[in-house]
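Chains as they are written, first to last, in my numbering: chain A, 1 to 307; chain B, 1001 to 1274.
Every residue, glycine too, gets a C-beta built ideally from N, C-alpha and C.
Quick caveat: nothing in here was measured; it's all calculated off a predicted structure.
To start, the structure itself, in structure tokens.
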Amino acid sequence: MARRTPKTRRPGPARAAGLRTPSWVGWLFVAPALAVYAVFVLRPIALTFQYSVYRWDGIGSSTWAGLSNYGKVFTDPDLFATILNAVKLIVFFSLIPVVLGLVIASTIRRIAASRLALAARTVLFLPQVIPLVAAGIAWSWLLSSTGLVNQLLSRIGLGGVTRAWLGDFSTALPAVGVIGAWVLLGLCTILLLSGMSKIDPALYEAARMDGAGPVREFVSITVPSLRQEIGVCVTVTVIAALASFDIVYVATQGGPGNTTMVPGLEIYYLAFSERQVGTASALAVVLMVLVIVVALPIQWLTKDRSS
Amino acid sequence: MIVGRGETWSGRVLLVLLMAATLMPFASLFVTALHPRGSYPSGLDWPADPHWGNFVTAFQVARMGELVKSSTLIVLGVVPVSLLLATLAGFAIGHLRIAGRNVVFLTFVLGLTLPFEGIITPLYYQVRDMGLLNTRWAIILPLIGLFMPFAVFWMRAHFVNMPDELSESARMDGANLWQLFWRIHVPLAMPALSSLAILLFLWTWNQFLLAIVLVDDPLKRTMSGALGAFQGQWGTDMPLLCAGSLLILTPTLAIFLIFQRRFVTALLQGSLKG
């Protein structure tokens, strides 16, 4: 009993009797997980930082480069553009799914228990289940010059705007964004819908008594009550945007030109085709930091204050 | 509740539209797959003479049987081990509350948002130096490590909510720590474990980046990575590519439809916790 550490947060007297476990035994339980994590994640993270301050072609000897690789990431317009592209993708990967998801979820809230809504739950989850590569292939075909999107546009009299959406310099990035929005909209909608089912219906009834319309309801009850779910949606989708790879790799390979190049894909090309391991690693560090810097405040802002 | 009929109907219409938009890519893949090989059919035009044989051809050229086997081997290598390691660690951090648990936990949480691209370069050289390049181990071992943050986080969340009294009474009855873990806690953790298993299965099966970087041979990759290679090879033959994509989707879709309740719950919990 004497071996129990005094730091335990809830040191109930009965607890000490029941869990008489020396700490080193507990550490044996953690050790295997920590070991694989250290070897295959922590070590590579450390190495990424190390590589990022060297100039190395992956084969020969490396030379010290200081912070010049980072300088390159922020000054080379092609490299910096990848970060800007990732940020632009947030509009499609996060903003659209979350806003549209909120609108859709609050519209279908009342029929959430119907058979149609149950079927919808399954259907809307499909994009989450299939490989992103398959989504990329399907959408490249839909958005091609002879694809379904153009066919539908011509049919409603918009034949003038049809084009190869993914091959056009001005529309390629938004088109990639649309693919991301398709993948993430279902997840957001259902997450928000399940959050709405936890809101006390009396709140809505009271609002109706006071003469609130659907819009007022949405702004004053739905959105504030869903703080946590919105936070989750935003976090998940923002990370998906910043770290996108599969969809872009399949749909555009970063083209046309560099218009859809994202950091993940650029790291891949730099490290494995152009043999600029140092620059690739500097960009990787920037990407990892960017994700954390963006994800943490969202978690903070949307944390449930009551708990 | 006071509900306008109009609101119910607008909800229905919206829902149907949304489902149609979600299914549209699948429909397009399917219709295109039935066209003659090498043609560029437009939109959703049903072919005059459906070429069902494209599926057979795609099955053969993609060597689907071997692909399923490869992905299954990778899943079997990743998921059970990840579950075991994460359960052990989650138990120690969440229930035994070992000294220094906050530091360990924070170390794991640090990896929660890690983009895989961030470490793929050193991972390549590390796996090469281990002599594992172009083997399934090149995907299996790093994935176990990469899944640890989420898996440990998930299992800790389960064990933190387990009442201490449970362990105490088991201890009174003379169970040692190992028995306490296997006989009491693992069985009780089954719901959490099965949801985690589903998520890890999905993420392994669909893993793309590790597959294309670390394994050259599509037959030793995950399904997703193999699809990437298939696109590279048959990208100009749309009907065949569509047929192949659909075939490669089928296993996940089938498993999803069989376990859909669990899937949806797992995915919802998964994103809420992560």
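- For A:Val98, the closest C-alpha among the options A:Gly167, A:Trp182 and A:Ala175 is that of A:Trp182.
- When the beta-carbon positions are compared, A:Leu126 and B:Thr1113 stay at least 8 Å from each other.
- For B:Leu1227, the neighbours in chain A by C-beta distance under 9 Å run, in chain order, Pro131, Val133, Ala134, Ile137 and Val250.
- Interface residue (Cβ-Cβ distance to chain B less than 8 Å): A:Ile221 is not classified as such.
- Ranked by Cα distance from A:Ser197, the options A:Leu226, A:Pro174 and A:Ile267 are led by A:Leu226.
- Across the segment 1195–1214 of chain B, CB contacts with chain A closer than 9 Å involve Leu1202, Trp1205, Asn1206, Gln1207, Phe1208, Leu1209, Ile1212 and Val1213, in sequence order along the chain.
- Cβ neighbours of A:Val161 within its own chain (closer than 7 Å, five residues either side excluded): Leu153.
- Within the model, the alpha-carbon separation for A:Val250 versus A:Ile199 is close to 41 Å.
- Linking B:Gly1232 to B:Ser1082 through their CA atoms gives a straight-line distance of about 32 Å.
- If you check the CB distance, A:Tyr51 and A:Val277 come in under 8 Å.
- If you compare the alpha carbons of B:Ile1139, B:Arg1037 and B:Thr1135 with that of B:Phe1055, the shortest gap goes to B:Arg1037.
- Residue burial annotation: B:Met1130 is exposed, with fewer than 16 other C-beta atoms found within 10 angstroms of its C-beta.
- Look at A:Tyr269: its C-beta is not under 8 Å from any C-beta on chain B.
- The three-state reading of DSSP puts B:Trp1046 in coil, since its state is none of H, G, I, E or B.
- Taking A:Gln228 as reference, the option from A:Ala105, A:Leu301 and A:Gln128 with the minimal CA-CA separation is A:Leu301.
- Checking the DSSP bridge columns, you'll see A:Thr63 partnered with A:Arg55.
- Proximity of A:Asp246 to chain B, defined by a Cβ-Cβ separation below 8 Å, is satisfied.
- With contacts defined by Cβ atoms closer than 8 Å, B:Gly1011 and A:Ile221 do not form a contacting pair.
- When B:Pro1041, B:Val1013 and B:Asp1164 are compared, the shortest CA-CA separation from B:Leu1241 is found for B:Pro1041.
- The contact set of B:Ala1086 on chain A, defined by CB atoms closer than 9 Å, consists of Ala33 in chain order.
- If one requires a minimum length of 4 residues, the alpha helix (DSSP H) runs lying completely within the segment 1015–1097 of chain B are 1053–1061 and 1064–1091, in chain order.
- Short of 6 Å from the beta carbon of B:Leu1133, and not among the five residues preceding or following it, lie these beta carbons of its own chain, in chain order: Val1127.
- With respect to B:Leu1180, A:Leu116 sits apart: the two C-beta atoms are not nearer than 8 Å.
- Between the C-alpha atoms of B:Val1075 and B:Leu1200 there is a straight-line separation of about 8 Å.
- Excluding five sequence positions before and after B:Gly1235, the CB atoms of its chain that fall closer than 8 Å to its own CB belong to Leu1241, given in chain order.
- In the three-state scheme derived from DSSP, where H, G and I count as helix and E and B as strand, A:Met196 is classed as helix.
- As summarised for the segment 163–242 of chain A, the continuous alpha helix (DSSP H) elements at least 4 residues long and confined to that stretch are 172–196, 201–209, 214–217 and 227–242, given in chain order.
- For the 8 Å CB-CB criterion, A:Thr189 and A:Ile104 form a contact.
- Identification of residues in the segment 44–62 of chain A having a C-beta nearer than 9 Å to some C-beta of chain B yields Pro44, Ile45, Ala46, Leu47, Thr48, Gln50, Tyr51 and Gly58, given in sequence order.
- Burial check for B:Gly1145: the Cβ neighbour count within 10 Å reaches 16 or more, so the residue is buried.
- Fully contained in the segment 237–274 of chain A is no beta strand (DSSP E) run of length 3 or more.
- In the three-state reduction of the DSSP assignment, A:Ile130 falls in the coil class, being assigned neither a helical nor a strand state.
- With 16 or more other Cβ atoms from the protein chains shown falling within 10 Å of its own Cβ, B:Arg1097 counts as buried.
- Among the residues facing chain B, A:Met261 is not included, as its CB has no counterpart in that chain under 8 Å away.
- At a beta-carbon threshold of 9 Å, the residues of chain B lying near A:Val25 are Ala1092, Leu1096, Ile1098 and Leu1177, ordered along the chain.
- For B:Asn1161, the number of other beta carbons within 10 angstroms of its own is below 16, and it is reported as exposed.
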